[in-house]
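Okay, so here's the structure we're looking at.
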Amino acid sequence: VLFRSLAWKRYGAVIEGNFVHWLLSAHLRCHGLPTKEILLANLHDEVVDDHPGLLRALLHRNDLLPSHSDQVHVSELLSRIRALCASGNPGTLLTFLVILESSSCYFLPAMANRAGLSTRTPYIVAHLEVDQDHATQLQSLLQRAYDDGHVSTRAIDAGIELANAFFDVLFD
Numbered sequence: 001v002l003f004r005s006l007a008w009k010r011y012g013a014v015i016e017g018n019f020v021h022w023l024l025s026a027h028l029r030c031h032g033l034p035t036k037e038i039l040l041a042n043l044h045d046e047v048v049d050d051h052p053g054l055l056r057a058l059l060h061r062n063d064l065l066p067s068h069s070d071q072v073h074v075s076e077l078l079s080r081i082r083a084l085c086a087s088g089n090p091g092t093l094l095t096f097l098v099i100l101e102s103s104s105c106y107f108l109p110a111m112a113n114r115a116g117l118s119t120r121t122p123y124i125v126a127h128l129e130v131d132q133d134h135a136t137q138l139q140s141l142l143q144r145a146y147d148d149g150h151v152s153t154r155a156i157d158a159g160i161e162l163a164n165a166f167f168d169v170l171f172d
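If you count by the working numbering, then the sequence shown holds residues 1 to 172, one letter each, in order.
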């Protein structure tokens, strides 16, 4: 269980202080795409329902707060995502967010089970309730943007590669 809890520590190091920023960045950078309502609804859920606070409580309650070594372990990935948020391709960022939202309904409960945690914690329950809707909306947006020529295959491939790096950092 100790080794399996590393994924939660690393997840906390990556997500807790960053996911809201990534959504806001996508909202600001995806101008020209009909993202406003979709991303604002997602931001609303994250901020008003205090998803970062729910994650912090889960980590704290289960002695899974990220250590300095966890922060170091994820620092290169975070630098890549921050660079993408600041000046990278908006289609890549949107693809990355689609993958995180659509996969969280599967990997959060799986990580909880592997670490011996309840899947009924407020953080996991909150994400099971809203992430699939967010993912469906973002997938639809990404498909429209691709069909309209606003997002390239190369941008989508880069978003997939970044999502793979995200999971590699959590589970290596």
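Built from N, CA and C at the ideal position, the CB exists for glycine as well.
- DSSP assignment within the region 118 to 156 yields the following whole alpha helix (DSSP H) runs of 4 residues or more, N-terminal first: 122 to 147.
- The residue among Trp8, Leu6, Leu142 and His31 with its C-alpha nearest the C-alpha of Leu94 is Leu142.
- Across the set Gly17, Pro52 and Ile160, the C-alpha of Ile160 shows the shortest separation from the C-alpha of Ile99.
- In the DSSP annotation of this structure, His31 is not part of any alpha helix (DSSP H), being labelled neither H nor E.
- Contact check between the region 71 to 87 and the region 103 to 116: fewer than three CB pairs, one atom from each, fall below 8 angstroms, which does not count as touching.
- Under the three-state reduction of DSSP, Asn89 is assigned to coil, being neither helix nor strand.
- Looking at Thr121, Asp70 and Leu6, the one whose alpha-carbon comes closest to that of Arg61 is Thr121.
- A Cβ-Cβ distance of about 13 angstroms is found for the pair Leu39 and Phe96, leaving them out of contact under the 8 angstroms criterion.
- In the three-state DSSP reduction, Asn164 falls in the helix class (H, G or I).
- Apart from the 5 residues on each side of it in sequence, Leu55 sits with its Cβ closer than 7 angstroms to the Cβ of Gly12, Ile15, Glu16 and Tyr123 in its chain, given in chain order.
- DSSP places Leu58 in the uninterrupted alpha helix (DSSP H) bounded by His51 to Arg61.
- Between Ala57 and Val48, the alpha-carbon positions lie close to 16 angstroms from each other.
- Assignment of Ser102 by DSSP, reduced to helix, strand and coil, places it in the helix class.
- Out of His51, Leu43 and Phe19, the CA that lies nearest to the CA of Leu78 is found in Phe19.
- The DSSP-derived three-state label of Asp45 is helix.
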